[in-house]
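**Student:**
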Amino acid sequence: MRPCGPTLASPGLETLKAQLAEAMPATLLDASWPALEPVFAASPYLASLARRRPGALEQMLAARPEDTLAGILMQTRALDGGAEAMKRPLRQLKADLHLLTALADLGGVWDLEAVTAALSRFADATAEAALRAVAHDLRERGKLVAAADPDNPLPGLFGLAMGKHGALELNYSSDIDISLFYDPATLAGALAEGVEMQRTVDRAAQAFAALLTERTGDGYVFRVDLRLRPDPSSTPPVVAVPMALDYYEGVGQNWERAAFIKARVVLGDRAAGRDFLQALVPFVWRRSLDYQAILDVQSIKRQIHVHKTGEGLEAAGANLKLGRGGIREIEFYAQTQQLILGGRDPALRLPATLAALAALTRAGHVPEATRAALDEAYVRLRGLEHRVQMLADEQTHALPVEEDRRRAVAALAGEADLAAFDAGVEALLTRVNTLYGELFEGEEALSSDYGSLVFTGVENDPETLATLERMGFEEPAPVSDTIRSWHHGRIPATRSARGRELFTRLAPRLLEALAATGAPDQAFRRFAVFFSGLSAGVQIQALFLNQPALFELVVRVMAWAPRLARALGRDPAALDSMLDARFQTPLDADTGVADQMRAEAAAADDFEAAMDAVRRLHRDQRFRIGLQTLTGRADVEAAGRAYTVLADASIQALAQAALDEVTRQSGRIDGAVAVVALGKAGSREMTAASDLDLMTVHEAPAEALSEGRGLPPETWYGRFTQRLIAALSAHTSQGGLYEVDMRLRPWGAKGPLSVKLARLDSYYGDEADTWEFMVLTRARVVWASDPAFGERVGAAIEAVIRAHGRTTDTLARDVRTMRDRMMRDRSPGGFWDLKRVAGGLIDAEFVAQYRQLKGAPDGGPLTVSTLGGLADDPELATAWKSQQGLAQIFACAFNEMPRPEDEPEGLQARVARAVGQVDMAGLKAHLEALRSEARARFEEVLPPVATES
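Residues in the sequence shown are numbered from 274 upward in steps of one, following the numbering used here.
#1: Leaving aside the five residues before and after P457 along the sequence, list all residues of the same chain whose C-beta is less than 8 Å from its C-beta, in chain order.
#2: Assuming D424 is part of the beta strand (DSSP E), what are its boundary residues?
#3: Go through its chain and collect everything with a Cβ distance to T740's Cβ below 7 Å, but skip five positions before and after it.
#4: Taking contact to mean 3 or more Cβ pairs, one atom from each stretch, closer than 8 Å, check whether the segment 922-934 and the segment 1050-1062 are in contact.
#5: Helix, strand or coil for E732, going by three-state DSSP, please let me know.
#6: Alpha carbon to alpha carbon, what distance is there between T669 and Q526?
#7: So, for G583: in the same chain, excluding its five sequence neighbours on each side, which residues have a beta-carbon less than 7 Å away from its beta-carbon?
#8: So, V538 versus R530, is the Cβ gap smaller than 8 Å?
#9: Assign K581 to buried or exposed, taking buried as 16 or more other Cβ atoms, counted over all protein chains shown, within 10 Å of its Cβ.
#10: Beta-carbon within less than 7 Å of G762's beta-carbon, same chain only, minus the 5 sequence neighbours each way: which residues are those?
#11: Using only alpha-carbon positions, find the residue among Q1157, L647, M435, F896 that is nearest to E711.
#12: Provide the residue span of the beta strand (DSSP E) that contains K1029, from first to last.
#13: Please list, in chain order, all residues of the same chain as H409 whose beta carbon is under 7 Å from its beta carbon, the five residues on each side excluded.
#14: Quick one: residues in its chain with C-beta nearer than 7 Å to the C-beta of H638, no 5 flanking neighbours on either side, listed in chain order?
#15: Can you grab the Cα-Cα spacing for the pair A375 / L427, in whole Å?
#16: Who are the near neighbours of L346 in its chain, counting only those whose CB is closer than 7 Å to its CB and skipping five residues on each side?
#17: Whose CA, out of Y1037, R488, L1149, A1202, lies closest to the CA of R361?
#18: How about M851 and A796: do their beta carbons lie closer than 8 Å?
#19: Can you check which of these residues, L816, F313, V802, is closest to A840 by C-alpha distance?
#20: Pull up the distance between the alpha-carbon of F556 and that of L621, whole angstroms please.
#21: As an exercise, report each continuous alpha helix (DSSP H) stretch of at least 4 residues that is fully enclosed by the segment 629-685, in chain order.
#22: If we call anything under 8 Å between Cβ atoms a contact, is T634 one with I603?
#23: What is the DSSP secondary structure of F1104, reduced to helix, strand or coil?
#24: Ignore the nearest five residues each way along the sequence and tell me which others in A1052's own chain have a CB closer than 6 Å to its CB.
#25: Three-state secondary structure (DSSP) at M744?
#26: Relative to the alpha-carbon of W759, which residue among L738, N733, R799, S805 has its alpha-carbon at the smallest distance?
#27: Which residue marks the beginning of the beta strand (DSSP E) containing H971, and which one marks its end?
#28: Roughly how far, in whole angstroms, is the beta-carbon of A463 from the beta-carbon of L404, given that I think they are within contact range, below 8 Å?
#29: Around the Cβ of K1023, are there at least 16 other Cβ atoms within 10 angstroms (buried) or fewer (exposed)?
#30: Taking Cβ to Cβ, would you say G981 is nearer than 8 Å to G1038?
#31: I'd like to confirm the pairing. Which residues does DSSP put opposite Y455 in its beta bridges?
#32: Specify the secondary structure class of N706 as computed by DSSP and reduced to three states.
#33: In the DSSP assignment, find the beta strand (DSSP E) that holds L540 and state where it starts and stops.
#34: Considering V1188, what are the terminal residues of the beta strand (DSSP E) in which it resides?
#35: When you compare only the Cα positions, how much space is there between G415 and W383?
#36: I'd like to know if the segment 1032-1050 and the segment 992-1000 are in contact, where contact means that at least 3 CB-CB pairs between them fall below 8 Å.
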């Protein structure tokens, strides 16, 4: 052995030397101490092993390391008995193996290949021993009846060494990735009758892992990771071979193909294991790949962010395995090309990284200079990785941030100058990252300017989690977990190979779009509901990739508008409307949808089919209106008209369908009926949250009865009204439409469902209160079975308003008293209660209705429009228009009263722009001023009512 580097100051070094002097010949210690001193000074872990096992150290120093290794392996293979009997000797042998490999490595006796082979062969031997122990215990409990066979302890069950262990490249403090499988037919014959197979092998796997992983006073053997199996979150620890083959053939991913490049049968039923790997050859080594499949393989590499310079690369804290310019980049450099080319060239199917690079060079795929540079870098990086782990036997791949610990790594690597060491590491990482960037150069990047976005493997990539944090995600781990599950094909959108290929490209765009919203966590949760609900994903993902502006718009909706996001989540088919050329058409333009709705309802086979036809079109149009309103493409007044046109079309289509249905069930009747819209529907000022205030008015001869059933008009038209309410409000497989409120009709819930035209005048003349006349100012006939009858109903409503007006004093007192009672009984819910706040929507609407009722008896103009009724009250009109605009946006975005100042900045800006402001502070100040002026005008028009003393 030769000294590995400088000796650092270490207070316990002399004490350790004295202890060793008592346990071994002085000549041996003196000859070895120059090489041992820098090792034990830098590594507390190795010093502790020497202190605990001085006899083992003496044997190592006195013999060839190859002979010592052979002895350790022989002792491990000779262990027998159960798990409890093996626990301590396995840990002692691991300590000896660790001390031996460290000294042989640091002393320059073994090269990297010899070091990793020694670690890997010992892992093989310990895994075999652990399975023997588990089988022994099963046999002792009477569950295993097969004859004891140390080479095949549990017939039918086998384990594959994956990753570096499979390629004989295990690192110093690595865990071991073991994938366990079993052949049901073989295993069944080895178990006692009545023993449940799956439960038995799962418990055996747990006992196997516990024996090697558990920490005792003697340490541990290896951390065991059983997750490199098919879909580990939803499969048992040991997977049946038929299930595994079905998985890999159906939804196996490219990173899993890459993992099997290094797979090696390491324990158990080797014949069954070899058969399994042979069956996977067509999965791993595809002889022909189309262009999209090649791009998907390349994505393994392209998810890692490549920097054009070494900017930002620092030795302190650098992850030598997963970070930029690290070991993984060299491995991916080889594996991606192996997957693409190895199907046709078996010579490229080599598990070890350096051997694979050499084979690729021999075949003309990698330049010799590149191979040499990567070869050298790989050896150096693996050596540094080992030295980092030798400090404390920790499974870490990062150079320490602390200077004293990093100086210890430098000393083990032969460098006394920390600054020079750091500079060398940074140059090394930069060189690897540059060469890595040249592979598949020019292809679409699947990383982000924020950093790498890697979603392969069974655990979250630390670099990716750091990238997600930089993007603004507060909870990056669940986001990464979800995306990896989508890559596994756990949702319909990614169940097909084509769907997964598209998602590989879409994922980084999704995350960047989410980051741009300012609320990425919230937006991602809503997108996940939507994306998981897609029945298929190829067409939608292709649409998103081909129309990035549209995709970014949808993602913004997820962040800004929980109402729209929830609608998409409940019914992802609404997104299909975006494929319609009419989707981007201005809202005031006639796209023919209303005619289409009426035509499809009329052509439906039955009443339920008509309801579904209307709902499908309504869903698409409501989404279209909401999206255009939210993004500012449509102004808020156009949105109000568009929502009303949509409601009108729905009423017209379903009123006719309801009429036809009642006629079919109850027979035809002589007469006519009209549907009258009240409230926001009547004034054409609907929002996304509006319900429908309706009443129906009918007329029929006094002696009329329906054909066949003989129903009188009031009953017949009552049934029509019931059918109409159901058609508009019931939830079907296509969703719902509106909540319907019929309580504003004469006599309310106490009266008939459908009002006879002849009774309108008498009711409003004799019984109606002032508020009912206020309701009538916004009444509008939407549909009539006979157009002429509809005109008569409209004229009758106008005549009622004009004939039965109140005196000015009584009217003003009634309206003001009603408003005061509302303020008292249902006080505003805060600043953003646009409807009930003083100076808000109700104040303006009450004045508009008051103005019309006041002028109606004298022939004054009548209009259902609030703004039209406020022609003489500009302060109220301006306040109403601004707040109605905000109400439109809030209704599109939210199900409940929002706090816009808590929402993403993008939505805050949209809300502010809706009333001509640039930010929330300006918006609130503007609203306060508008409301103050509006309330003052309200007080002038409707002064307080004096109370009697």
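Don't be surprised by glycine CBs; every beta carbon is placed ideally from N, CA and C.
**Tutor:** Looking at the coordinates:
#1: G429, M470, A513, V514, P515
#2: Taken as a continuous stretch (DSSP letters only), D424 belongs to no beta strand (DSSP E), as it is neither H nor E.
#3: S721, Y723, G724, S725, L726
#4: yes
#5: The three-state reading of DSSP puts E732 in coil, since its state is none of H, G, I, E or B.
#6: 27 Å
#7: Legend: pLDDT at G583 = 46, less than 50; position of this residue unreliable, no value from coordinates given.
#8: no
#9: A caution first: K581 carries a pLDDT of 44, below 50, which makes its placement in the model too unreliable to give a value.
#10: V524, R768, R773
#11: L647
#12: 1027-1029
#13: G354, G355
#14: Q610, L614
#15: 34 Å
#16: R394, F395, A398
#17: Taking R361 as reference, the option from Y1037, R488, L1149, A1202 with the minimal CA-CA separation is R488.
#18: no
#19: V802
#20: 16 Å
#21: 641-663, 676-685
#22: no
#23: F1104: coil per DSSP, three-state reduction.
#24: If the five residues before and after A1052 are omitted, its C-beta is found closer than 6 Å to the C-beta atoms of V949, L951, G955, I1070, all from its own chain and listed in chain order.
#25: coil
#26: S805
#27: 965-972
#28: Contact check for A463 and L404: beta-carbon distance about 13 Å, past the 8 Å limit, so the pair fails to qualify.
#29: exposed
#30: no
#31: L430, A513
#32: helix
#33: For L540, the enclosing beta strand (DSSP E) has its first and last residue at 537-541.
#34: Segment: none, V1188 is in no beta strand (DSSP E) and carries neither H nor E.
#35: 46 Å
#36: At 8 Å Cβ cutoff, the stretches do not touch.
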